[in-house]
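Protein sequences appear in the order of chains F and L. Residue 60 in the working numbering is what sits at position 62 of the first sequence, and the numbering runs on without skipping anything. Residue 16 in the working numbering is what sits at position 18 of the second sequence, and the numbering runs on without skipping anything. Just so it is clear, CB atoms sit at the ideal spot from N, CA and C, and this is done for glycine as well. Predicted, not measured: the structure shown is a model, and the values here were computed from it. Shown next, in structure tokens, is the structure this report addresses.
Protein chains: 2
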Amino acid sequence: MLFEIDHHSGVPIYQQIIRQIRRQIMTGCLKAGDQLETVRDLSARLKVNPMTISKAYSFLEAEKLVERKRGIGLFVADIEQNQKEQTKDRLLDDAVNIAVIAAIQFGISENKVIELFIKQYREYRSQIGDRNG
Amino acid sequence: MLFEIDHHSGVPIYQQIIRQIRRQIMTGCLKAGDQLETVRDLSARLKVNPMTISKAYSFLEAEKLVERKRGIGLFVADIEQNQKEQTKDRLLDDAVNIAVIAAIQFGISENKVIELFIKQYREYRSQIGDRNG
DNA sequence: TATAGTGTATTAGGTAAGTAATACACAGAT
DNA sequence: ATCTGTGTATTACTTACCTAATACACTATA
């Protein structure tokens, strides 16, 4: 459940926190009902202000990935499978968007980009020995 | 050679200029030796401050896409064709990589990612009114 | 040298974003 | 009630970024 903050990456701290926790939830490392590290614990560990942690948690709550129990703490929400799919789709959408913008910017044809997708996709999957999907 | 600025898109004006000129160079609409529209002309046409244009041009110069001739103007650089291709490939590769990593992380199939890409690609191109390859 | 055309260095104002300090509110246990 | 543990609303500081106003420097030409 540990993760790291890079204070010099230029990416805001609260966004680094959001991404890492979101990813842990999406991949199942954090399961429904698990309590998030408390604001004060996490702020002490990462050496940032509690409000920065709180801000990150608030975004995760707005995404309905976590639920707040007042006075007690924050817990991973029991997410409907299809809602989880929606979240994944949105994240994937953003990632694909970056590729689309680059392709259009350079006037690269649809087919050429698709070939690249296929190539990279297969490289990765062979690396991690995945045989599914 | 005309292009448009959207003052309400949230994307900085100088970046909009960079993208459109970069694209014109990458796709060959602007060829080596062509003079860029002068700072004052472009600033008058787009109704923005000359310094904003100058800033955009400076970034393009740093990218070595254009060259400055002091007191005369800015011209499209004579880029080796294969270097141009290399640059494009590298940038596109990075962009696609982000999407592929996200997809694999979330266990999304290759076909679904490609479908999504095609959808976004076509939407984006229709938005900017592109009709080329 | 004067003039008119280039681009830009410097400076400053406006805005937004990120972070932090403080004080506060809620829940549970004693 | 009180204490200790939760998260947070409010406020403010700092920084970065975008844009603009002004004045300047270089080049060509006459």
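* Is P10/F close to chain L, meaning its C-beta is less than 8 Å from at least one C-beta of that chain? -> Start at 1 with the first residue of the first sequence, and residue 10/F comes out as number 12. Answer no: the Cβ-Cβ gap between P10/F and chain L never drops below 8 Å.
* T25/L versus F104/F - alpha carbon distance -> On the second sequence, position 27 is the one that residue 25/L refers to. On the first sequence, position 106 is the one that residue 104/F refers to. Going by the C-alpha atoms only, they are around 6 Å apart.
* Helix, strand or coil for L72/L per DSSP? -> Within the second sequence, residue 72/L is the residue found at index 74, counting from 1. DSSP places L72/L in strand when its eight states are reduced to three.
* **8 Å contact criterion, which A30/F and A75/F should meet: CB distance rounded** => Taking the first residue of the first sequence as 1, we reach residue 30/F at position 32. Taking the first residue of the first sequence as 1, we reach residue 75/F at position 77. The pair is a contact, with the Cβ atoms about 7 Å apart (cut-off 8 Å).
* Would you kindly work out how many angstroms separate the C-alpha atoms of I23/F and V111/L, rounded to a whole number? => Position 25 of the first sequence, counting from 1, holds the residue named residue 23/F. Position 113 of the second sequence, counting from 1, holds the residue named residue 111/L. Spanning the two alpha carbons is a distance of roughly 21 Å.
* So what's Y119/F in DSSP terms, helix, strand or just coil? -> Within the first sequence, residue 119/F is the residue found at index 121, counting from 1. Three-state DSSP puts Y119/F in a helix.
* **Endpoints, the alpha helix (DSSP H) within which E83/L is located** => Residue mapping note: residue 83/L aligns to position 85 of the second sequence, counting from 1. That run of the alpha helix (DSSP H) goes Q79 to Q103.
* Assign K110/F to one of three DSSP states: helix, strand, or coil. => In the first sequence, counting from the first residue as 1, residue 110/F sits at position 112. Note: K110/F maps to helix in three-state DSSP.
* To do: Give the interface partners of Q118/F over in chain L, defined as CB-CB distance under 7 Å, in chain order.
  => For the purposes of this step, residue 118/F is taken as residue 120 along the first sequence, with counting starting at 1. Those within 7 Å of Q118/F in chain L are V94, N95 and V98.
* To do: Return the CA-CA distance between S107/F and I116/L, expressed in angstroms with no decimal places.
  => For the purposes of this step, residue 107/F is taken as the residue at position 109 of the first sequence. For the purposes of this step, residue 116/L is taken as the residue at position 118 of the second sequence. S107/F and I116/L: Cα-Cα distance of roughly 11 Å.
* To do: Assess, as a yes-or-no matter, whether the region 10 to 18 of chain L is touched by the region 43 to 53 of chain L under the definition of 3 or more beta carbon pairs within less than 8 Å.
  => yes
* Asked: Is it buried or exposed for Q81/F, if we count other Cβ within 10 angstroms and need 16 for buried?
  -> Position 83 of the first sequence, counted from the start, is the residue given in the question as residue 81/F. It is exposed - the Cβ of Q81/F has fewer than 16 other Cβ atoms within 10 Å.
* So I96/F packs on I96/L, CB below 8 Å; how close in whole Å? -> Indexing the first sequence from 1 puts residue 96/F at position 98. Indexing the second sequence from 1 puts residue 96/L at position 98. The C-beta distance from I96/F to I96/L rounds to 6 Å, short enough to fall under 8 Å.
* How would you call S124/L, buried or exposed, if buried means at least 16 neighbouring beta carbons within 10 angstroms? -> As a first step, residue 124/L is located in the second sequence; it is residue number 126 there, counting from the start. S124/L comes out exposed.
* Secondary structure at K67/F, three-state DSSP: helix, strand or coil? -> Taking the first sequence and counting its residues from 1, the one referred to as residue 67/F is at position 69. Of the three classes helix, strand and coil, the one that applies to K67/F here is strand, per DSSP.
* **Own chain partners of R38/L with C-beta closer than 7 Å, once the 5 adjacent residues on each side are dropped** => Your numbering for residue 38/L matches position 40 in the second sequence. Excluding positions up to five away in sequence, the list reads P48.
* Look at the alpha carbon of L72/L and the alpha carbon of E113/L, and state the distance between them as a whole number of angstroms. => Translated into positions along the second sequence, residue 72/L becomes position 74. Translated into positions along the second sequence, residue 113/L becomes position 115. Going by the C-alpha atoms only, they are around 41 Å apart.
* Would you check if the distance between the CB atom of L89/L and the CB atom of A100/F is smaller than 8 Å? => For the purposes of this step, residue 89/L is identified with residue 91 of the second sequence, where counting begins at 1. For the purposes of this step, residue 100/F is identified with residue 102 of the first sequence, where counting begins at 1. It is a contact, given that the beta carbons lie within the stated cut-off.
* Asked: Would you report the Cα separation of L28/L and D87/F, rounded to the nearest angstrom?
  -> Numbered from its first residue, the second sequence carries residue 28/L at position 30. Numbered from its first residue, the first sequence carries residue 87/F at position 89. Taking the straight line joining both Cα atoms gives about 37 Å.
* Mind checking if K45/F is an interface residue toward chain L, Cβ cutoff 8 Å exclusive? -> As a first step, residue 45/F must be located in the first sequence, where it is residue number 47. Interface with chain L (8 Å Cβ-Cβ cutoff): K45/F is excluded.
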